[in-house]
Amino acid sequence: GAVVSQHPSRVICKSGTSVKIECRSLDFQATTMFWYRQFPKQSLMLMATSNEGSKATYEQGVEKDKFLINHASLTLSTLTVTSAHPEDSSFYICSASPGSGANVLTFGAGSRLTVL
Amino acid sequence: DQQVKQNSPSLSVQEGRISILNCDYTNSMFDYFLWYKKYPAEGPTFLISISSIKDKNEDGRFTVFLNKSAKHLSLHIVPSQPGDSAVYFCAASVGNQFYFGTGTSLTVIP
Chain A
1 GAVVSQHPSR
11 VICKSGTSVK
21 IECRSLDFQA
31 TTMFWYRQFP
41 KQSLMLMATS
51 NEGSKATYEQ
61 GVEKDKFLIN
71 HASLTLSTLT
81 VTSAHPEDSS
91 FYICSASPGS
101 GANVLTFGAG
111 SRLTVL
Chain B
1001 DQQVKQNSPS
1011 LSVQEGRISI
1021 LNCDYTNSMF
1031 DYFLWYKKYP
1041 AEGPTFLISI
1051 SSIKDKNEDG
1061 RFTVFLNKSA
1071 KHLSLHIVPS
1081 QPGDSAVYFC
1091 AASVGNQFYF
1101 GTGTSLTVIP
C-alpha cells in the first residue's frame, strides 16, 4: 500500500529558530499533500493544502509567512516553522494523495515539535 | 462550517461487545467515506472505506454502514478488543478534497 514518510518524528528547538519537517510519498507520486496540526486531545486541524509546482493553499487563520510550505517535487513536501515560539509546539502530521481519482488519503507518522 | 461531524467525543465499551461510532455529514456531493484510527503520537491509519453507491462494507471485525438519505455513516466493531482503543476519525471526500470529523475516542474495557 501507499506509504508516507515524515521526518523528523521529534524535534526540539529554541524560540526564534526555524524548523523544517519533511513529508515524502515513498511509493507513489503525490500531486497533493496536506498538512495538519493536532493539539492535545483535539481533532486534526487542516493547516494547508500543498500542490506540486504551485503555491500552497492555507486555511483561514494559518499564517503563511510563519508556516512555509514547499512542494517542489511529486514525492516531497516540506513545512518550515519559522521563528518558532513555544505556542507552536504541537504534533504536525502530513498526508498525501496521488491525485484525482484516488480515494484514500495516507498519513505520515507525525512530527512532535517542542519549542523551548 | 463543519461538513463532517462526530458528535460523540468519547465512547467506552466492554471487551467482546459491539462498538458503534457515528458520523454525520452535510454535503450530498461526497462520494467516498473513510474511517481512520489514530493512536497517540502517531499519524492516522486507514481502516475501512465505502463508496457512496454502497450502503455497507465489511472487513473482518469492522463494518461501515452508509445511510445517504440521513447523511449518516457508522462504524461497527465487533467483537471489540482492548487494542481497538484509539481515536477514530471519519472522513468524506469529493474529488481530491477530504473533510474530517473531530474524532471519537474509543476505550475498550478489558
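So the sequence lines, in the order shown, correspond to chains A and B. Residues in the first sequence are numbered consecutively from 1, following this note's numbering. Residues in the second sequence are numbered consecutively from 1001, following this note's numbering. Even glycine gets a Cβ: it sits at the ideal position worked out from N, Cα and C. Given the structure is predicted, the values throughout are model-derived calculations rather than measurements.
Sequence-distant residues of its chain with Cβ nearer than 7 Å to residue i (five each side left out)
| i | result |
| --- | --- |
| residue 1004 of chain B | 1023, 1025, 1090, 1091, 1092, 1099, 1100, 1101 |
| residue 39 of chain A | 90 |
Beta-carbon contacts of residue i that lie in its chain and below 6 Å, excluding the five residues immediately before and after
| i | result |
| --- | --- |
| residue 1049 of chain B | 1034 |
| residue 52 of chain A | 31, 71, 74 |
| residue 1059 of chain B | 1048 |
| residue 1030 of chain B | 1092, 1094 |
| residue 44 of chain A | 36, 38 |
Contacts that residue i makes with chain B (C-beta to C-beta distance below 8 Å)
| i | result |
| --- | --- |
| residue 93 of chain A | 1043, 1044 |
| residue 44 of chain A | 1044, 1089, 1100, 1103 |
| residue 32 of chain A | 1096 |
| residue 108 of chain A | 1043 |
Nearest residue (CA-CA) to residue i, options the options
| i | options | result |
| --- | --- | --- |
| residue 19 of chain A | A/68, A/97, A/109, A/104 | A/68 |
| residue 29 of chain A | A/82, A/21, A/105 | A/105 |
| residue 31 of chain A | B/1109, B/1107, B/1095 | B/1095 |
| residue 1056 of chain B | B/1087, B/1041, B/1072, B/1045 | B/1072 |
| residue 109 of chain A | A/14, A/37, A/17 | A/37 |
| residue 1007 of chain B | B/1108, B/1107, B/1103 | B/1103 |
| residue 1032 of chain B | B/1063, B/1105, B/1082, B/1097 | B/1097 |
| residue 1061 of chain B | B/1043, B/1019, B/1070 | B/1019 |
| residue 3 of chain A | A/113, A/96, A/112 | A/96 |
| residue 54 of chain A | A/33, A/82, A/61, A/45 | A/33 |
| residue 98 of chain A | A/76, A/62, A/81 | A/76 |
| residue 1064 of chain B | B/1088, B/1029, B/1044 | B/1088 |
| residue 111 of chain A | B/1068, B/1042, B/1070 | B/1042 |
| residue 26 of chain A | A/6, A/13, A/82 | A/6 |
Helix, strand or coil at residue i according to DSSP, with G and I counted as helix
| i | result |
| --- | --- |
| residue 52 of chain A | coil |
| residue 1031 of chain B | coil |
| residue 87 of chain A | helix |
| residue 1084 of chain B | helix |
| residue 1061 of chain B | coil |
| residue 1056 of chain B | strand |
| residue 116 of chain A | coil |
| residue 18 of chain A | coil |
| residue 1024 of chain B | strand |
| residue 1018 of chain B | coil |
| residue 6 of chain A | strand |
| residue 105 of chain A | coil |
| residue 1068 of chain B | coil |
| residue 1039 of chain B | coil |
Inter-residue Cα distance where the pair is residue i and residue j
| i | j | result |
| --- | --- | --- |
| residue 1074 of chain B | residue 1066 of chain B | 7 Å |
| residue 1054 of chain B | residue 103 of chain A | 15 Å |
| residue 50 of chain A | residue 57 of chain A | 6 Å |
| residue 1013 of chain B | residue 1039 of chain B | 17 Å |
| residue 11 of chain A | residue 115 of chain A | 8 Å |
| residue 15 of chain A | residue 1011 of chain B | 38 Å |
| residue 66 of chain A | residue 92 of chain A | 14 Å |
| residue 85 of chain A | residue 23 of chain A | 22 Å |
| residue 21 of chain A | residue 1077 of chain B | 35 Å |
| residue 1079 of chain B | residue 1051 of chain B | 24 Å |
| residue 1082 of chain B | residue 1037 of chain B | 14 Å |
| residue 64 of chain A | residue 1021 of chain B | 35 Å |
Contacts of residue i in chain A (Cβ-Cβ under 9 Å)
| i | result |
| --- | --- |
| residue 1032 of chain B | 103, 104 |
Heavy atom of the ligand ADP within 7 Å of residue i beta-carbon
| i | result |
| --- | --- |
| residue 55 of chain A | With respect to small molecules bound, the structure shown includes none, and the ligand ADP cannot be examined in it. |
Chain B contact residues for residue i, given Cβ-Cβ distances below 7 Å
| i | result |
| --- | --- |
| residue 112 of chain A | 1041 |
| residue 97 of chain A | 1096 |
Contacts that residue i makes with chain A (C-beta to C-beta distance below 8 Å)
| i | result |
| --- | --- |
| residue 967 of chain B | The structure shown does not extend to residue 967 of chain B, since chain B is modelled only from 1001 through 1110, so no value can be given for it. |
Contact set for residue i: own chain, Cβ-Cβ below 8 Å, skip 5 residues either direction
| i | result |
| --- | --- |
| residue 1085 of chain B | 1106, 1107, 1108 |
| residue 1045 of chain B | 1036, 1037, 1038 |
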